[in-house]
Amino acid sequence: MKLAYLYIVTTLLFSALLSAGEWIFPERGLSLIFAVSPALIALGFAYFDSERRLKSLGWTPNFRYWLKILGFMLALTSILLFIAFCAGHTQINQKAVKNFLSFSILLELFIGILINTGEEAGWRGYLFPKLYRHWGWWFSILLSTVVWWAWHVPF
1 MKLAYLYIVT TLLFSALLSA GEWIFPERGL SLIFAVSPAL IALGFAYFDS ERRLKSLGWT
61 PNFRYWLKIL GFMLALTSIL LFIAFCAGHT QINQKAVKNF LSFSILLELF IGILINTGEE
121 AGWRGYLFPK LYRHWGWWFS ILLSTVVWWA WHVPF
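The numbering of the sequence shown is our numbering, which starts it at 1 and goes up by one.
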């Protein structure tokens, strides 16, 4: 249980440091490091977790989920492109749409997977099971929600 509390403190302190770095050096891309920091810190803590090692992250790929996310991102991108066209903010030709959608899908897929993996592996994969074993479902949900919120406050 001590590792769970230390994990919470470490991620929140790291979040504060990255926030300060983003404020001092605004165009250094620290937001992406911030997004994957729960997983990176969880990897470090999982190494010292003699009980489960890397299995303590609890993340397994679900390809149907990622296909649904990709479909949602494609639909959202298409809707936004249509709104921009209707509002007269862009001129659209077939080549521009094809290039935009191809690039947008790849970029959103890469960043989405990176961000979601970074957060979920840390919060749900590492922290929540540790809290759940000790505190039960309700308190674990409440505490992990408060920690998740506090982690997002700086950005």
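Note that the Cβ used here is the ideal one computed from N, Cα and C, for glycine as well.
According to the DSSP assignment, R133 belongs to the alpha helix (DSSP H) that extends over 128-135. For W23, the uninterrupted alpha helix (DSSP H) run begins and ends at 2-24, by DSSP.
Here G118 is near A35, since their CB atoms are less than 7 Å apart. Buried is the label assigned to Y126, since at least 16 other Cβ atoms lie within 10 Å of its Cβ. The criterion of a C-beta distance shorter than 7 Å is satisfied by G122 and A39.
Closest option to Y7, judged by alpha-carbon separation, among A87, F48, T77: F48.
Within a 10 Å sphere around the beta-carbon of T145 sit fewer than 16 other beta-carbons, which makes this residue exposed. Annotated three-state conformation of A150 is helix, per DSSP. Only residues of its own chain outside the window of five on either side were considered, and among them T10, T11 have a CB closer than 6 Å to the CB of I41, listed in chain order.
Rounded to whole angstroms, the separation of the alpha carbons of P129 and I33 is 24 Å.
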